[in-house]
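Numbering (the numbering used here), first residue to last: 77 to 478. No residue lacks a Cβ here, since even glycine has one placed at the ideal position from N, Cα and C. The structure displayed is predicted, hence computed values, not measured ones. Contents: one structure, followed by commentary.
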Ligand SMILES: Nc1ncnc2c1ncn2[C@@H]1O[C@H](COP(=O)(O)OP(=O)(O)O)[C@@H](O)[C@H]1O
Ligand SMILES: [Mg+2]
């Protein structure tokens, strides 16, 4: 059973079919693109854990469900709830609760001495005002405790319109609860690890690209990333150790862990957040396999089915470079999209996609789904990957009528 049928989930459905599995997909939208690859569709919101579990139990009474997973969808609680209801492998409900709440997560890190940014819960705009005033000049990040995809994640300091920031961040979460963290400057990393037998395997790490941080401030918009991140052996091992301890603090002792990390001023890794699921953004499905030969989607599928995993499958077979970047046309009606044929000729192009077509509205970029489209290129070296990425970005022109 795969929770969610979005475009980024298609590779998991295809892999399951290749493996000869009978695939049950779930999504609220009957036209969700991945459901075409499912043998049976359950129409339930991926965020509605109870409804999904009810439907899973009902289906299970006539057709045994052997495993449950998701990819590129921040619904670890729904996955855990189904696994729990059917007695399947999973992280358990308590760990799932810890990962879906950024405040609970940081409290777990705090209790277990796992390095993370200074944080506090925020209940009212006045509370926020008082904190910002007390440390004028310090940069903070305000976010909903249950947000995702950079929705409502704001980089602020005492000069911000506090009432606006409070309401803006709040409207993107379901719970209305906010967390304030100190902004930690430094190299930002995207990791994806598999924890097995007390060891953390991280086949490839991307350096997140924040060249556009000031352009989109106060919104924090990541403009893709580059593999390999410039890290030495010692730092890599300390990253694995931090992720292992961070996951354990949340109650996760086995399985997939996606990390947002930053290398702090002291040169040591700090965890911004961990997610108990496969990544989106074509990281697990395209970039990591290209860069390392490791197929984490396959590992997660095997693990969900309770099949034994070989640690060799989690170790890189090679080290290649990839980069992903996005296009950001100005806000307005899209009049034309040119250069797709040129783009296809870019050496090392791994994948690309446009999220909008001619005639659609390009919104102002407030969160990751507002980006226009993406390109992923591969090369032997990081430098070559970045060069090819320039070619890819320059080949496409999006004309917009204000
Ligand atoms: N305290 C912080 N210091 C530095 N960067 C941060 C901090 N909090 C968030 N960010 C940046 O913002 C991004 C989005 O925040 P995150 O907490 O991961 O929310 P989301 O659930 O939307 O992914 C992070 O990946 C990171 O790059
Ligand atoms: Mg994140």
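- Fewer than three Cβ pairs drawn from the stretch 418 to 426 and the stretch 309 to 328 lie within less than 8 Å of each other, which leaves the two stretches out of contact.
- As for any beta strand (DSSP E) of minimum length 3 sitting wholly inside the stretch 86 to 147, the runs are 100 to 102, 116 to 118, ordered along the chain.
- Taking a contact to require three or more Cβ pairs closer than 8 Å, the stretch 293 to 304 and the stretch 434 to 448 qualify as touching.
- The continuous alpha helix (DSSP H) containing residue 181 extends over residues 178 to 187.
- Taking the Cα of residue 449 as reference, the smallest distance to any Cα among 416, 349, 170 is reached at 416.
- As DSSP reads the structure, residue 239 sits in no beta bridge.
- Where residue 307 is concerned, there is no enclosing beta strand (DSSP E), because DSSP gives it neither an H nor an E.
- With 16 or more neighbouring CB atoms inside 10 Å of its own CB, residue 245 falls in the buried class.
- Assignment of residue 220 by DSSP, reduced to helix, strand and coil, places it in the strand class.
- In this structure the stretch 226 to 237 does not touch the stretch 148 to 161; the number of beta carbon pairs closer than 8 Å is below three.
- Under the DSSP assignment, residue 364 falls in the alpha helix (DSSP H) whose first and last residues are 364 to 368.
- Taken through DSSP and simplified to helix, strand or coil, residue 391 comes out as coil.
- Remark: three or more beta-carbon pairs, one from each stretch, lie closer than 8 Å, so the stretch 242 to 258 and the stretch 176 to 195 are flagged as touching.
- For residue 346, the enclosing beta strand (DSSP E) starts and ends at 345 to 351.
- Here the distance from the Cβ of residue 217 to the nearest heavy atom of ligand 1 is below 8 Å.
- Relative to ligand 2, the beta carbon of residue 224 is positioned inside 8 Å of a heavy atom.
- For residue 153, there is no enclosing beta strand (DSSP E); the residue is part of the alpha helix (DSSP H) that begins and ends at 152 to 162.
- Counting only beta-carbon distances shorter than 6 Å to the non-hydrogen atoms of ligand 2, the qualifying residues in chain order are 336, 349.
- The beta-carbon distance between residue 221 and residue 249, rounded to whole angstroms, is 6 Å. This is short enough to meet the 8 Å contact definition.
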